[in-house]
Amino acid sequence: MRACPECGIKLKDNSNFCSNCGADLQSHKNQSDKKSTKPASKQSSDHISPNQILMIFGGLIVVVVIMLYAGGVFDTASSPAANVTPPPAGNTQNSSVDLNSLQKINSLRDRIKANPQDHQAELELAHALMDSRMFDEAIQTYDSYLKTHPGVPDVMIDMAVCYFEKQDYVKADQIMREAVKIDPKHQIGHLNLGIVNLAKGDTETSKEWLRKAVALGPTTEAGKKAQSLLESH
């Protein structure tokens with residue numbers, strides 16, 4: 193049994209016309225079948241495939257990355273990294289190369305060439321080279337000076353600092369130990385040994401040297417620096 197769509201009277205399933213109102217039941221059936229197919233067709237046409245979703249998502253990622261690079265958010269591989277380990281303390285302070293420094297270096301070279309026995313000029317040249325970060329030549333010049341003036345702790349420490357700057361921590365440690373053995377009260381030498389061993393990753397040995405540096409004078413600049421390193425590591 194089924195109901196007439198016009199008047200609602202109950203009719204047999206195989207009836208083509210309503211016996212009450214005369215409605216064409218077959219026409220209504222065809223329209224109903226057509227309507228039932230439309231939602232499926234509409235849903236199919238509006239559906240987004242997984243590949244389309246991936247393409248849209250990928251495009252958004254590319255746009256975001258481009259915006260971040262343009263805004264300077266990302267660091268490039270050439271960005272300078274922070275140096276968490278302070279460099280050892282030497283007897284000279286300037287670390288930049290300028291015209292005056294180069295003129296001084298050339299002048300000292302001329303003095304030594306004119307008088308190879310001018311050892312004071314040789315030592316000044318070594319300091320100037322270290323200040324200008326010309327570490328290889330500075331090491332050679334310090335070494336030459338130490339051959340005629342062996343066992344000078346200050347000079348040995350400065351040469352060791354050059355090795356430290358070249359990241360040859362083993363050689364720097366060796367020379368500094370020799371220097372403080374000659375002068376057990378060389379506070380900067382003890383401080384530098386703490387810094388070198390900190391750079392090597394030997395924290396315990398570093399602390400031992402730093403404590404010794406503090407003990408040699410807690411109120412000096414070197415002593416305060418050693419104490420600061422002890423508190424921060």
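According to the working numbering, numbering within the sequence shown proceeds without interruption in unit steps and concludes at 425. For glycine and all other residues, C-beta sits at the position ideal for the given N, C-alpha and C.
Supposed close pair residue i, residue j - CB separation, criterion 8 Å
i      : j      : result
Leu383 : Lys417 : 6 Å
Leu422 : Leu402 : 5 Å
Leu385 : Val372 : 7 Å
Leu390 : His425 : 7 Å
Residue i vs residue j beta-carbon contact at 8 Å
i      : j      : result
Leu321 : Glu314 : no
Ile349 : Met368 : yes
Tyr337 : Ala318 : yes
Ser293 : Asp335 : no
Tyr355 : Ile331 : yes
Leu291 : Glu316 : no
Val388 : Ala364 : yes
Ile374 : Pro345 : yes
Heavy atom of the ligand MN within 7 Å of residue i beta-carbon
i      : result
Lys392 : The ligand MN is not among the ligands present in this structure, which contains no ligands whatsoever.
- Decide yes or no for the touch test of the segment 387-394 against the segment 372-379: beta carbon pairs closer than 8 Å, at least 3 of them. Output reads no: the segment 372-379 does not touch the segment 387-394.
- Task: Taking only runs that begin and end inside the segment 338-402, name each unbroken alpha helix (DSSP H) of 4 or more residues, in chain order.
- Result: Every unbroken stretch of the alpha helix (DSSP H) spanning 4 or more residues and falling wholly within the segment 338-402 is given here in chain order: 345-357, 361-374, 379-392.
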